[in-house]
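Everything on this sheet refers to the single structure shown next.
Number of protein chains: 2
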Amino acid sequence: MIAQPKAPRNAKTQVKRDRIVDAAMRQFAEQGYQGAKVEDIAAELGIAKGSIFQHFGSKAGLFLQAYKRAVLLLPSWQDAPDDVRSEGFFATVRFWLDRTEHLIKEDWIPNRVVLIGNYGTDLVLKREINRWLVSEDPYGTLEFVEWGQQRGEVRTDVDLEIIVSMVDWLSNSLQDALVTEELDPGLFHRLANQPERQRMRVEHFETLLESALAAPVADSPAP
Amino acid sequence: MIAQPKAPRNAKTQVKRDRIVDAAMRQFAEQGYQGAKVEDIAAELGIAKGSIFQHFGSKAGLFLQAYKRAVLLLPSWQDAPDDVRSEGFFATVRFWLDRTEHLIKEDWIPNRVVLIGNYGTDLVLKREINRWLVSEDPYGTLEFVEWGQQRGEVRTDVDLEIIVSMVDWLSNSLQDALVTEELDPGLFHRLANQPERQRMRVEHFETLLESALAAPVADSPAP
DNA sequence: AGGCTAGTATGACCTGGGGTCAGTCACTAG
DNA sequence: CTAGTGACTGACCCCAGGTCATACTAGCCT
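Chains A and B, in that order, give the protein sequences. Here my numbering is used: position 4 in the first sequence is 4, and no number is missing along the way. Here my numbering is used: position 163 in the second sequence is 163, and no number is missing along the way.
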């Protein structure tokens, strides 16, 4: 169990913690979890290393806060523009998946921190992260899938939570592969110079996802 | 880049390395990556810590070997019994997914090591692992999917590699969730006392996977 | 046998960085 | 002004990954 910082009485304290978390995000993003040194973060802020431990208990505790902040900085499913949402669930999915690379470049630091949290720390931390993700649902996947069901686009014949998990798993895997060479099973970075084929693969992926989740249509004739 | 051990001239050396990797697997499985101490591994074998570094260069190098060994100890898709395979691609998928928990208990150590390699080390190591997984395909997913296509069960209208990745991603995610509390988004461990609902969820998952990948049938009437 | 070389083993040693803690400071309340 | 609380500090501890000079062993050539 990783200690959480207790709520500060003072508003000033909160500001300071935010500054630390901010610097930590940058360091973790740039150096990785192991590579980031608590001392460097302290030095960057001109404070004593001890202070950081005072506030966050441990390096893992600090990372956890950085991770949470990072996730909250990223868009949730329902943050798509209205005109996209009005086209429905799968259009929204496509919207986000198509914009993956773009988004990552815009928000490099939080994305990197999230990535590190997902794959590059250790299982104790991962457990804590997972609990939080489940309890907070910061990407709003649950709500999003329910919305898709209400629109009649998403199937309702299997457990909701399975669908939610599938969306999470697949979108994560795809985005990670698209964006980070470390995690790409050769789908995209091998084709770095063929953006057309990359696009095609994302489309194929979207096709598969839709096949998996779409509500069965009453015998619409295939073309 | 993580140094690989160079091939030993001596057969005896190989035996010794195997012993080290063996002990390392146990320690990593039981203590986690950070928790496992090189010194403990050496002590367990009654050798000097320096020797381990001699052979494997670094803790990460040792882990990499342990990981590879662990993966090779696990069954590949095509290792299903003949009577299952004769029922086809999706039957084989179901066979493995249904046996997940059982398998993990049988092969706890390699499974745990693989898990740690997948989520609990760092991105440098992860990259190395990924390269290896892609180049070796130790689970034979590529071959397996091609086999499914040849049988006419798996769709052929999207890139093969996308399908392969999807199978890998989803089966990994499901198995991890089923088996390790740390990674379960509440799908299974929250229902620990309701094995029936757990089974049902696995079935639902299989349904989704099949919907995603199945070759389109020539307008079979839905019930 | 007797060197010669290359690979292997050793354990004392080094070092960096996470984590601790006793003491100090700064703010607020009474 | 004083007491009390929380924040801050920096010197310190110590563990565990990694290094290295030295010693050993096994094959091999002459």
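Even glycine gets a Cβ: it sits at the ideal position worked out from N, Cα and C. Computed from a predicted structure; not experimentally measured.
For B:P81, does the count of other Cβ atoms within 10 angstroms reach 16, so buried, or fall short, so exposed? Under this definition B:P81 is an exposed residue.
Alpha carbon to alpha carbon, how far is A:V71 from A:V15? Give it in angstroms, no decimals. The C-alpha of A:V15 lies about 19 Å from the C-alpha of A:V71.
Test: A:S165 CB closer than 7 Å to a CB of chain B: A:S165 counts as touching chain B.
Please return the same chain residues whose Cβ sits closer than 7 Å to the Cβ of B:K12, not counting the five positions on each side in sequence. Within the same chain, no residue comes within 7 Å of B:K12 by CB-CB distance, once the 5 residues on both sides are set aside.
Does any residue of chain A have a CB that is nearer than 7 Å to the CB of B:R26? Not closer than 7 Å to any Cβ of chain A, the Cβ of B:R26 fails to qualify, so no.
Could you check the C-alpha separation between A:K37 and A:K59 for me, to the nearest Å? Those two C-alpha atoms are separated by around 9 Å.
With a threshold of 16 other CB atoms inside 10 Å of the CB of A:P195, please say whether the residue is buried or exposed. So A:P195 ends up on the exposed side.
Enumerate, from N- to C-terminal direction, the unbroken alpha helix (DSSP H) stretches of 4 or more residues contained entirely within the segment 53–78 of chain A. Listed in chain order, they are 59–73.
Residue nearest to B:T141 in terms of C-alpha spacing, selected from B:G152, B:I129 and B:L160: Looking at the Cα atoms, B:L160 is the closest of the given residues.
For A:V15, which of helix, strand or coil comes out of DSSP? The answer is helix: DSSP assigns A:V15 an H, G or I state.
Of the residues B:D22, B:W132 and B:A48, which one's Cα is nearest the Cα of B:I2? For the options B:D22, B:W132 and B:A48, the alpha carbon positioned closest to that of B:I2 is the one of B:W132.
Hey, how far is the Cα of B:F144 from the Cα of B:L97? Cα to Cα, the separation comes out at about 15 Å.
Nonlocal neighbours in the same chain, by C-beta distance under 7 Å from B:K68, ignoring five residues either side: If we look at B:K68 and ignore the five residues flanking it on each side, its Cβ neighbours are W132.
Any C-beta of chain A sitting closer than 7 Å to the C-beta of B:D40? Chain A has no Cβ within less than 7 Å of the Cβ of B:D40.
Measure from the alpha carbon of B:L45 to the alpha carbon of each residue in B:T156, B:G186, B:R26 and B:L209, then state which is nearest. It is B:R26.
Short CB-CB distance (under 7 Å) between B:P75 and chain A: Chain A, which has no Cβ nearer than 7 Å to the Cβ of B:P75, makes this no.
Answer with buried or exposed for B:E39, where buried requires no fewer than 16 other C-beta atoms within 10 angstroms of its C-beta. With fewer than 16 other Cβ atoms within 10 Å, it is exposed.
Counting only Cβ pairs nearer than 8 Å, list the residues of chain A close to B:W132. Within chain A, no C-beta atom comes less than 8 Å from the C-beta of B:W132; the nearest is roughly 11 Å away.
Delimiting residues of the alpha helix (DSSP H) encompassing B:R281: What is shown of chain B runs 1 to 223, which leaves residue 281 of chain B out entirely.
What residues in the segment 174–188 of chain B bring their beta carbon closer than 9 Å to a beta carbon of chain A? Answer in chain order: L174, A177, T180, E181, E182, L183, D184, P185, G186 and L187.
For B:T100, which residues in chain A fall below 8 Å Cβ to Cβ? Going along chain A, no residue has its Cβ under 8 Å from B:T100, so there is no contact; the nearest lies around 15 Å.
Is the shortest distance between the beta-carbon of A:T141 and the beta-carbons of chain B less than 7 Å? No, no contact with chain B.
Would you please verify whether the beta carbon of B:T207 is less than 7 Å from any beta carbon of chain A? Yes, because at least one Cβ of chain A sits closer than 7 Å to the Cβ of B:T207.
Interface flag, A:I2 vs chain B, CB-CB below 7 Å: At a cut-off of 7 Å, the C-beta of A:I2 has no neighbouring C-beta in chain B.
For my contact list, A:L62 and A:A24 are in at a C-beta cut-off of 8 Å; report their separation, rounded to the angstrom. About 5 Å separates the CB atoms of A:L62 and A:A24; that is less than 8 Å, so the two are in contact.
If you draw a straight line from the alpha carbon of B:G57 to that of B:G35, how long is it in whole angstroms? Answer to the nearest angstrom: the Cα atoms are 19 Å apart.
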